[in-house]
Amino acid sequence: MALALILILFAAALAAWLSERVGRAWPQWISLAVLAATSLWTAAVWLGGGEVATVHLPWIPRFGIAVLLAMDGLSLLLVLLTLVLGVVAVISSWTEIGERPGFFQLNLLLTLAGVVGVFTALDLFLFFVFWEVMLVPMYLLIAIWGHEERAYASMKFFLFTQISGLLLLAGILGLVFHHQAATGVLTFDYRALLGSSAGLPAWVMLGFFAAFLTKLPGVPVHTWLPDAHTQAPTAGSVILAGIMLKTGAYGLIRFVVPLFPDVAFELRQPIMLLGAISVIYGGYLAFAQEDFKRLVAYSSISHMGFVLLGVFAWNQVAVQGAVVQMVAHGFSTAALFMMAGALQERLHTRALSRMGGLWQRAPRMGAVTLFFVIASLGMPGLGNFVGEFLVLLGAFQADVTLAVVAALGLVVAATYALILLQRSFQGPLAPEFPAMRDFGAREMTVMVGLMLALVGLGIYPQPVLDLSAPVVEGLRAVTGVGP
Amino acid sequence: MAWLWLVPLLPLTGFLILAATQGRLPERVVAVIGAGSVGLAALVTAVVTLDFLGSGSGAYSQTLWTWLSAGGFTPDFTLYLDGLSLVMMGVITGVGFLIHLYATGYMAGDPGYGRFFAYMNLFVFAMLMLVLGDDLLVLYLGWEGVGLCSYLLIGFFQTDPANGYAARKAFVVTRVGDTAMAIGLFLLFRELGTLEIQTLLERANTAWAGGDLTVTVAALLILGGAVGKSAQLPLQTWLPDAMAGPTPVSALIHAATMVTAGVYLIARLHDLYLLSPAAQTAVTLVGLATLFIAAFAALAQRDVKRILAYSTMSQIGYMFFALGVGAWSAAIFHLMTHAFFKALLFLAAGSLILAMHHEQDIFRMGGLRRRLPWPFWSMVIGSAALAALPLTSGYFSKDAILLTAFDAPGGPWLWAVAVLAAFVTALYSMRMILVVFFGDEREGAHDSEGWNMKLPLAVLAVLSIIGGWFGLSPPGDVLPDGGLHAEHGGWLPWVTSAFPLLGLALGYVLFEPSRNRVAGLMASPAADAVRRFWLAGWGFDWLYARLFEAPYNTIAHWNRRDAVDRLFDLTAAVVRGGNLVTAYLQNGRLRWYLANMAAGLAVVLLIVLGVS
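Residue numbers (the numbering used here), protein chains in the order written: chain A, 1 to 483; chain B, 1001 to 1612.
Here's what the structure looks like:
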């Protein structure tokens, strides 16, 4: 199924690109149809029990490289998130893209194909290929359809990702050759490489870790994110924040911890510290922003800090919390970026200083923003709270001080989330904007869907927890390290 | 009792309908849904109460579903009914319904009518989850939920940025407390392995039977949450500003229910405080300091709602004080009577403000007793109960607290401070009544209220008087003292009851409008400085603005462009500089290359010669 999904997305990408000659609306309809269909298919597989056959085809046998794709609960969950947010991304950019709509959809779908590959590849070489496949089309999305400073932002994004990708490649090769030296077998097969990290120098793990930390992103390698997210077109921001950041978190859970349990366990405290700092520092930077979209972008750093903290708290409650946080953050941030895009489309600005009182003009947009702002600051009953609470609950068992520091992020979150709402939708009406179109049926459908998802995740997250529980338990069995 | 789940569901349904229709319904329909859902919840509560009391059982619980299950943490959505939650549920739905009914008239004509009732219904739902939740995580859901609704309703009139500021202040300040509480929950879970309240308390009693530093820390962290929500020192500063919300909101959230959540929380977890005398003493001191400071602050306010806000803070101080000295039942009793008379006072103030065309300054009122009989009599009755005049409801509950306090360790001193504050309470009540309703009559006030606003005043007035006659304390032995113990021989009860009367007398002497002796007293600069100090709530806002708010904002402003990113910019600048230098060298001029080659050769030669 994983292979089929990737091939379908590739094919759809080409079809969307070519169909531009038939009509301007064709590419987005193709995109939407394919993404909706694949979402439904994946959801059906999940409801049907979630069993997915592993694909294993030879590719470059000489170097032990194969097309090895597999899907466990975690992969299935994230692939589903990817496809659903893909739908959201397409709809959110429905009227935004003027130039070359076919090429736009091509890049969008290629990015998604790359992400699905990343979430399913179990051959490290193949994983690396997909890791790079995500990058280039996303670079193009920012560089071509981005906002005023797109050149700077896309270059910064490319450099950060590329340099960290190089470290990842070095790490992969280091691990593979170490394995070969120990066993005489040259293979990139993840399953074979598990448990072969004994005697490996720490830099190999750090190569992986640096790449994933950059993608997550965590302090101090977070600075590409605000620029990239702010300058990207709406669909790009939705995919970047909603899905691509999760590849970093996924990498930590799938590769860093199981492949290098000893080093990871040894370094868990400094890494948790980075997580706690990300929570506070990202939130605090968000509070200071003057730009709607940039504020949301910084809040992502804070939210993903919880994921970092949770994964390295090294207990089941925290890791499962991190997984819930990944999904919830995907929904809530996608919605807020969509809102930023909708405001920019209507007002031609993202500056909070020029907004104000917009609730009076567009009460539906106001209410929607209120909802997601509240989700973002961790209101119980919504998904983000479950993630953050579980992470903190688990982290507290691992390290009291760091958990307390990260918990202060709850106060910081309140400051940035509420100031965002205040400056855009509340207060006196900005005189500049005498009229503004409220959300219509198209936007409200997506938003209500995302709201229901967050409420569901907030009051009954068990389906998600059940999907990820075996993975997390397996993690403990595989690593055999820790309390 | 099987219908218990309906009680929170009804207001939730009201909220969902009102939220989904987004204010497109006519006012009349909104009023029916908004007030009706809470009214029905009150009816179901009455049925459940009769059933519960008839069954004679101590507790009833109803599990709805398991919220989540991860790594041994399995909180359930379970509703738990015992004497304590029964009292709370009665107050929330009963007083809540009266205030909703009043609000259908008060908010008439407001463009945000539907939004208002949506938030109000959501609040009632969250408050019910808070008191019915059997798991601390469910309680926390309600706890944050009421905070959210409080925020939404304080900032209800959105166009004025000052309201938004007040709303955010309330949310952020209480969130500081909430975070302490969350950390307390993490600690309790780590130590006891559950957040299910009854199991948790059982395990706590076994684990910490001999007292333990851990239980003190946990109890203090929980107290942190309680002081935030209940506007006690040191997190009290948000409550006076919260008066920016519509007056029914002040009555419901910032007087009768939400602000007493901290009292409920400590009463609910009383075993922890019994295990930690240090934490219980902290509760006493917090309560005592707050009731004292807030009473004097109320004395200096000019805005009728701010008088009532400080008065609320002070009365909740009495409840904390009562919890601390072990008068558990009296604390809950005072919570209930306070809900009656303070809701009455706020609603009366609302009528007053409407009649005065949104004037809130008491010194711009005067002589209104003839034109506005309903607010007048409501205020008189409410103030009498607030001042604890004999035979009013407030008298019985406050008396129970003060008399029990006298017998606590260090009791006479505690009692003396609390009685002094009771004296001041009577003083500021008298001042409010005299200034607003006596003296020269102000023109322009007109009373145009319908039955839906007068009925709640009447019912609450009756309750404010008779609500304490039956010595109601939570049924069953939910609380460790097992009921009220107000019997005390000798001079003590007489003196305790006399102080409020003396306060009223002094109030009359000072504020009697025809003489206005207080003006003479206030003439000296020292007295005026004290007045301004009290007016500013003992300077806490001033202090916190400099200590926390200003540094937070300033540093955020400085670091807006992210110091870390500047480091990466530096790297980029170095690379770019290197590029400039090397590009400069490649300028395509033959002479330049030759000269460089010659110079390089010379340097190499020199080095070679030097080495050899």
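Cβ atoms here follow ideal geometry from the backbone N, Cα and C, with glycine treated the same way.
*asked:* I need the straight-line Cα distance from L309/A to V257/A, nearest angstrom please.
replied: When rounded, the distance between both Cα atoms is 13 Å.
*Measure the C-alpha to C-alpha separation of V1611/B and M244/A and round it to an integer number of angstroms.*
Cα atoms of V1611/B and M244/A: separation of roughly 57 Å, rounded to the nearest angstrom.
*With S39/A as the anchor, note down where its alpha helix (DSSP H) starts and where it stops.*
It spans 26-47 - the alpha helix (DSSP H) in which S39/A sits, taken as one unbroken run.
_Minimum Cβ-Cβ distance from R191/A to chain B less than 8 Å_ = Interface flag for R191/A against chain B is unset, since no Cβ pair is found closer than 8 Å.
_Would L200/A and L168/A be called neighbours here (beta carbons separated by less than 8 Å)?_
No, the pair does not count as a contact, with Cβ atoms beyond the cut-off.
_Strictly under 8 Å for the Cβ-Cβ distance: is L410/A near chain B by that measure?_
By the rule that beta-carbons nearer than 8 Å mark a contact, L410/A touches chain B.
*Which of the residues in the stretch 301-315 of chain A, read from start to end, lie with their CB under 8 Å from any CB of chain B?*
Those would be N315, in chain order.
_Nearest to W17/A (by Cα), restricted to the options L108/A, A53/A, A241/A_ = When each option's Cα is compared against that of W17/A, the closest is L108/A.
*For H1557/B, go through chain A and note every residue whose CB falls closer than 8 Å to its CB, in chain order.*
Residues of chain A passing the Cβ test: A288.
*Measure the alpha-carbon distance for W1005/B versus L1272/B and round it to whole angstroms.*
In this structure, the straight-line span from the alpha carbon of W1005/B to that of L1272/B is close to 28 Å.
*With 16 other CB atoms within 10 Å as the buried threshold, where does W1534/B fall?*
W1534/B counts as buried, since at least 16 other C-beta atoms from the protein chains shown sit within 10 angstroms of its C-beta.
*Do you know how far the Cα of F389/A is from the Cα of Q325/A?*
In a straight line, the C-alpha of Q325/A is about 9 Å away from that of F389/A.
_For H1488/B, tell me which candidate among T1571/B, A1598/B, F1406/B has the shortest Cα-Cα distance._
For the residues T1571/B, A1598/B, F1406/B, the minimum Cα distance to H1488/B belongs to F1406/B.
*asked:* Pop quiz: F1320/B and Q1232/B are said to be a contact at Cβ under 8 Å. What is the actual Cβ separation, rounded to whole angstroms?
replied: Between Q1232/B and F1320/B the Cβ distance is about 6 Å, and since that is below 8 Å, they are a contact.
*Could you pull the start and end residues of the alpha helix (DSSP H) that H229/A belongs to?*
Residues 224-231.
*8 Å Cβ cutoff, A232/A in contact with chain B*: Answer no: the Cβ-Cβ gap between A232/A and chain B never drops below 8 Å.
*Using a C-beta to C-beta distance shorter than 8 Å, which residues of chain B count as neighbours of I271/A?*
Those within 8 Å of I271/A in chain B number zero; the least Cβ separation is about 17 Å.
*Given that a residue counts as buried once 16 or more other Cβ atoms are within 10 Å of its Cβ, and exposed if not, what is L369/A?*
For clarity, residue 369/A is Thr in the given sequence; the question names Leu instead. Around the beta carbon of T369/A, a 10 Å sphere encloses 16 or more other beta carbons of the protein chains shown; the residue is thus reported as buried.
*Taking one C-beta from the stretch 220-240 of chain A and one from the stretch 328-348 of chain A each time, how about it: are there three or more such pairs within less than 8 Å?*
They touch, by the three-pair rule.
*On the DSSP bridge assignment, give the partners of V55/A in chain order.*
Per DSSP, L69/A.
*With 7 Å as the limit, tell me which residues of the stretch 1163-1176 of chain B have their beta carbon closer than that to any beta carbon of chain A; keep them in chain order.*
The residues in question are G1164, R1168, F1171, V1172, R1175, V1176.
*asked:* Output needed for G1211/B: all residues of its chain with C-beta closer than 8 Å, excluding positions within five of it in sequence on either side, in chain order.
replied: Contacts found: L1275, S1276, P1277.
_Under 7 Å, CB to CB, which of the residues in the stretch 118-139 of chain A have a partner in chain B?_
Listed in sequence order: no entries.
*If you measure from the beta carbon of D1241/B to each beta carbon in chain A, is any gap under 8 Å?*
Among the CB atoms of chain A, none fall inside 8 Å of the CB of D1241/B.
*asked:* Would L497/A pass as an interface residue toward chain B - the criterion being a Cβ-Cβ separation below 8 Å?
replied: Any property of residue 497/A remains undetermined from this structure, which presents chain A solely from 1 to 483.
*What distance in whole Å lies between the Cβ atoms of W224/A and P217/A, which are believed to be in contact at a cut-off of 8 Å?*
Confirmed, about 7 Å.
*Can you give me the Cβ contacts of L1285/B inside the same chain, cut-off strictly under 8 Å, excluding the 5 residues immediately before and after it?*
Counting only Cβ-Cβ distances below 8 Å, and skipping sequence neighbours, we find G1324.
_Selected residue, minimal CA-CA separation from K1169/B, among L1391/B, Q1022/B, L1101/B, K1229/B_ = The shortest C-alpha separation from K1169/B is found at K1229/B.
*Of the listed residues L1403/B, L1084/B, D1241/B, nearest to V1173/B (C-alpha basis)*: Put simply, of L1403/B, L1084/B, D1241/B the residue whose alpha carbon is nearest the alpha carbon of V1173/B is D1241/B.
*asked:* If I follow the unbroken beta strand (DSSP E) through Y460/A, where does it start and stop?
replied: The continuous stretches of beta strand (DSSP E) do not include Y460/A, and DSSP gives it neither H nor E.
*Between I1266/B and the rest of its own chain, which residues show a CB-CB distance below 8 Å, the 5 nearest in sequence each way excluded?*
The residues are I1222, L1223, A1226, Y1273, V1283, F1320, L1323.
_Does chain B have any CB closer than 8 Å to the CB of G48/A?_
Chain B, which has no Cβ nearer than 8 Å to the Cβ of G48/A, makes this no.
*asked:* Taking 6 Å as the limit between beta carbons, can you name the residues of its chain near W1208/B, skipping five residues before and five after?
replied: Exclusion of the five residues before and after W1208/B leaves V1215, L1275 as the residues of its chain whose Cβ lies within less than 6 Å of its Cβ.
*Does Y284/A come within less than 8 Å of chain B when only Cβ atoms are used?*
Chain B contact via Cβ: present.
_Interface positions of the stretch 1084-1111 of chain B facing chain A (Cβ-Cβ less than 7 Å), listed along the chain_ = Residues of the stretch 1084-1111 of chain B that bring their beta carbon within less than 7 Å of a beta carbon in chain A are absent altogether.
*Is the beta carbon of D262/A sitting closer than 8 Å to the one on S197/A?*
Yes. Within cutoff.
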